[in-house]
């Protein structure tokens, strides 16, 4: 049982306001407590981040980590996920204040109380975030919230080739221009969005950067001016939304990217999504080389980047009943990861290792570093009960 | 030996440019590599953060974590420290990309490569940051850097009582006004600064908030306007620096706080510095109650707050040869921590546990959570070799 006041989680779940309502407890998707003045909220793991933000609307606060629309907070903790807002707001690990965790031996611990800042002992919160369920079962999460920015503007910029788009993005980052989001979509992905027809306009089928600027009025105006100035030498066209509807429309192409790709497939199709991350100066090279590799291998893939973080995705459409095509897709992912590692990057920026990238993790960090992770798991889960087979194996 | 390219640390230290220069290796205070375009730097642990920033001046980049002027990067990693910039820039854990660590069994690991964002396996970087040297010996650190903001303005605001200052600060945070620093000093501390005479003016001996605003011109102007609007109902006087010299002068009182207190003492004197952190809504209450308690106990203490983070310090001047006074100081610290814990806060926001707060850590997180920390230490350091006696004991 949780040893101190303020967080007896399982008790809280069985007690009012959930007393007797078994279905609520089973769903594990409730807001347990909202501390509006402290700007934090205590939730159960199965709540979706979008649903959480709907419930927070009246407070003028929001939870800024924004992965795919269906993602749940528990899964987001598991993979240390992020999304388009990460450039300004950071990733999941930056927004978790504490976790209630059931350990393999049945002990229930709470990793922290509720201060927004602390140096009290090991950062267990940071260890459980991103551990993909292999260290314990998270039953309750306290999240920081942020005031909703006063003003948000959205802009879309096209480029004649992807190298120019990547260079413009690097220059934005290096200059430190305050931007909430900076997202890249390549020509293939823009054409996929057009073909799927999920948005209300026809897009130029060119490499495109999507921007969100937010903050005070003066800050947004300055950021837009500095952005124009910085990317002018590289860009073809600029378009800034006049109002919220137009902003929503401009942003929709980015948000529809994955669904557009899925919509293009038929019964035998799958979309393989993968992600890597590299130091910023390598962005242009890895994106250009990966695009070329995609063409050379003859696979059909869009390149989508959280480019402000040096992180990008390949969305690869393929026929899962065609073993030859499957092989080419595997080769494509393999090459992308190898390239990222050569550049001192990571085999995953936000998706996690799971079962598919265990070998890459070993390549990325080496046997000893992964073995330290294994030592830590064994210390908490000696019988290997918690989500076995993920991240690394019992023995490599 | 480090198993992958890009970080064979000990080798690098013995090789050029350090080959033969034993003193450099022994000092462990060198910049190993500066990746200007990636906005990161690889350093040895004994370099001071101020010295590092001097070495970075030509790049228009800086390392934003700013604790006491003499602090070294290795120690800052150990305690997950922060400073006045934490409100905007976060704490040490947010700025470490990777660590090279010598483990108790002699293995040398590197926790990450150099991506700014990753979800590849457990966040070992985040585990070693704040572990106070109890898990391994850090020999090399890769730090993120940030572009220096274009504009910085400094402001000083006085209040007739400390409750009003704390309330004004809470309202600033809740509204999300972008501020780089928001620091509180109480009337006692302001009078200490005057008596020590280390700054070039005489200050009003009133509770005072020190602000730093930074960013684009428009952003700074908006932030100052919104700050005036928000704190107007509570404040006595506003003063904004006209130029850099005045800014430096206004900020000097804050930076001189600890040294001013030390300067007031005589041969038998010590300054006991302590820190706690609480959820934001409890700031006013804990500061007011702690001030009253200081008066009731008859100890001489200034209250200094990184109030933007819900974190504040007591600087307590006392005679270390007077056991009665020593007892009262201990009581004062004890009461401050107990109060923070009652408010769901932490016994330390940035100083760490060390030997002095081990009992408080147990009170804060409970036996099981601290025992999980012990399990993790035992997994990496079964013979309890690394900085023993810190954070928790072998057996509680």
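Chains as they are written, first to last, in the UniProt record's numbering: chain A, 1 to 396; chain B, 1 to 396.
Each residue gets a CB set at the ideal place from its N, CA and C atoms; glycine is no exception.
All of these numbers come straight from a predicted model, not from anything done at the bench.
(message) Quick check for students: name the residue ranges of the alpha helix (DSSP H) that lie wholly in the region 280-362 of chain A, counting only runs of 4 or more.
(response) The region 280-362 of chain A contains these whole alpha helix (DSSP H) runs: 283-297, 323-342.
(message) Using 8 Å for Cβ pairs, my map puts residue 280 of chain B next to residue 38 of chain A. What's the rounded Cβ distance?
(response) Their Cβ separation, rounded to whole angstroms, is 5 Å, which keeps residue 280 of chain B and residue 38 of chain A in contact under 8 Å.
(request) Use the C-beta contact count for residue 22 of chain A: other C-beta atoms within 10 angstroms, 16 or more gives buried, fewer gives exposed. (result) In this predicted model, residue 22 of chain A has a pLDDT of only 43, less than 50, meaning its place in the structure is not dependable; the value taken from the coordinates is given anyway. So residue 22 of chain A ends up on the exposed side.
(request) Using the Cα positions of residue 30 of chain B and residue 56 of chain B, report the straight-line distance between them to the nearest angstrom. (result) C-alpha separation (whole angstroms): 13 Å.
(request) Quick one: using the 10 Å Cβ neighbour count with 16 as the cut-off for buried, is residue 358 of chain A buried or exposed? (result) Buried, since its Cβ has 16 or more Cβ neighbours within 10 Å.
(request) Could you tell me which residues DSSP pairs with residue 61 of chain A in its beta bridges? (result) Per DSSP, A:147.
(message) Run through chain B and tell me which residues come within less than 8 Å of residue 223 of chain A, C-beta to C-beta.
(response) Going along chain B in sequence order, the residues near residue 223 of chain A (Cβ under 8 Å) are 216.
(request) Check distances from the C-beta atoms of the region 297-329 of chain A to those of chain B and list, in chain order, the residues that come in under 9 Å. (result) Against chain B - using a Cβ distance shorter than 9 Å - the residues of the region 297-329 of chain A are 306, 309, 310, 311.
(request) Identify whether residue 23 of chain B lies in helix, strand or coil by the three-state DSSP scheme. (result) Confidence at residue 23 of chain B is low in this model, with a pLDDT of 42, below 50, so its placement is unreliable and the value that follows should be read with caution. Residue state, collapsed to three classes: helix.
(request) Give a yes or no on whether the C-beta atoms belonging to residue 100 of chain B and residue 150 of chain B are separated by under 8 Å. (result) No, Cβ-Cβ distance for residue 100 of chain B and residue 150 of chain B is not below 8 Å.
(request) Could you tell me the distance, in whole angstroms, from the CA atom of residue 133 of chain B to the CA atom of residue 78 of chain B? (result) Their Cα atoms are separated by approximately 6 Å.
(request) Anything in chain A within Cβ reach of residue 88 of chain B, meaning under 8 Å, just list it in chain order. (result) What residue 88 of chain B touches in chain A: nothing, since even the nearest Cβ is about 11 Å away.
(request) Since I believe residue 297 of chain A is in contact with residue 331 of chain A (beta carbons under 8 Å), could you give me their beta-carbon distance rounded to a whole number of angstroms? (result) The C-beta distance from residue 331 of chain A to residue 297 of chain A rounds to 6 Å, short enough to fall under 8 Å.
(request) List the residues of chain B that residue 107 of chain A touches, going by C-beta distances under 7 Å, in chain order. (result) Going along chain B in sequence order, the residues near residue 107 of chain A (Cβ under 7 Å) are 368.
(message) Using only the alpha-carbon positions, how far apart do residue 73 of chain B and residue 317 of chain B sit?
(response) Cα-Cα distance, rounded: 28 Å.
(message) Can you give me the C-alpha to C-alpha distance between residue 385 of chain A and residue 371 of chain A, rounded to a whole angstrom?
(response) Taking the straight line from one Cα to the other gives about 18 Å.
(request) Would you please verify whether the beta carbon of residue 231 of chain B is less than 8 Å from any beta carbon of chain A? (result) It does not: the Cβ of residue 231 of chain B has no partner Cβ on chain A nearer than 8 Å.
(request) Can you have a look at residue 199 of chain B and say buried or exposed, based on whether 16 or more other CB atoms are within 10 angstroms of its CB? (result) When all chains shown are included, residue 199 of chain B counts as buried.
(message) Just to confirm my understanding: we take residue 156 of chain B, look at its own chain, exclude 5 residues before and 5 after, and list those with CB closer than 7 Å. What are they?
(response) These residues qualify, in order along the chain: 208, 210, 239, 250.
(request) Could you name the residues of chain A that residue 93 of chain B contacts, counting a contact when the two beta carbons are closer than 8 Å? (result) The CB of residue 93 of chain B comes closer than 8 Å to the CB of 123, 126 in chain A, given here in chain order.
(message) Counting only beta-carbon separations shorter than 8 Å, does residue 394 of chain A have a partner in chain B?
(response) No, residue 394 of chain A does not count as interfacial toward chain B.
(request) Give the DSSP-derived three-state secondary structure of residue 47 of chain A in the structure shown. (result) Residue state, collapsed to three classes: coil.
(message) I'd like to know if residue 181 of chain A contacts chain B, where contact means its C-beta is closer than 8 Å to some C-beta of that chain.
(response) By this cut-off, residue 181 of chain A is not an interface position.
(message) Within a Cβ cutoff of 8 Å, which residues of the same chain sit near residue 394 of chain A, ignoring the five residues on either side of it in sequence?
(response) Hits under 8 Å: 374, 384, 388.
(message) Please state the DSSP three-state secondary structure of residue 153 of chain B.
(response) It is a strand residue.
(message) On the DSSP letters alone, give me the boundaries of the alpha helix (DSSP H) that residue 275 of chain B sits inside.
(response) That residue, residue 275 of chain B, is in no alpha helix (DSSP H); its beta strand (DSSP E) goes 269-277.
(message) Between the alpha carbons of residue 166 of chain B and residue 276 of chain B, how many angstroms are there, rounded?
(response) Residue 276 of chain B has its alpha-carbon roughly 15 Å from the corresponding atom of residue 166 of chain B.
(request) Rounded to whole angstroms, what's the CA-CA distance from residue 397 of chain A to residue 90 of chain A? Just pull it up for me. (result) Summary: the structure shown does not reach residue 397 of chain A, with chain A confined to residues 1 through 396, and so no result is reported for it.
(message) Quick check on the DSSP output: the beta strand (DSSP E) that includes residue 98 of chain A runs from which residue to which?
(response) Taken as a continuous stretch (DSSP letters only), the beta strand (DSSP E) holding residue 98 of chain A covers 96-102.
(request) Since I believe residue 176 of chain A is in contact with residue 222 of chain B (beta carbons under 8 Å), could you give me their beta-carbon distance rounded to a whole number of angstroms? (result) No, residue 222 of chain B and residue 176 of chain A are not in contact; Cβ-Cβ is about 18 Å, not under 8 Å.
(request) Specify, as a first and last residue, the run of the alpha helix (DSSP H) that residue 241 of chain B falls within. (result) In the DSSP assignment, residue 241 of chain B falls outside any alpha helix (DSSP H) and carries neither an H nor an E.
(request) Reducing DSSP to helix, strand and coil, say where residue 237 of chain B ends up. (result) Reduced to three states, the DSSP call for residue 237 of chain B is strand.
(message) Is the separation between the beta-carbon of residue 311 of chain A and that of residue 130 of chain B shorter than 8 Å?
(response) It is not a contact, given that the beta carbons lie outside the stated cut-off.
(message) Measuring only the C-alpha atoms, how far is residue 41 of chain B from residue 225 of chain A?
(response) Distance between the alpha carbons of residue 41 of chain B and residue 225 of chain A: 30 Å.
(message) With H, G and I counted as helix, E and B as strand and the rest as coil, what does DSSP make of residue 227 of chain A?
(response) Three-state DSSP puts residue 227 of chain A in a helix.
(message) Can you tell me where the beta strand (DSSP E) holding residue 212 of chain A begins and where it ends?
(response) Membership of residue 212 of chain A in the beta strand (DSSP E) is indicated by the continuous run 208-215.
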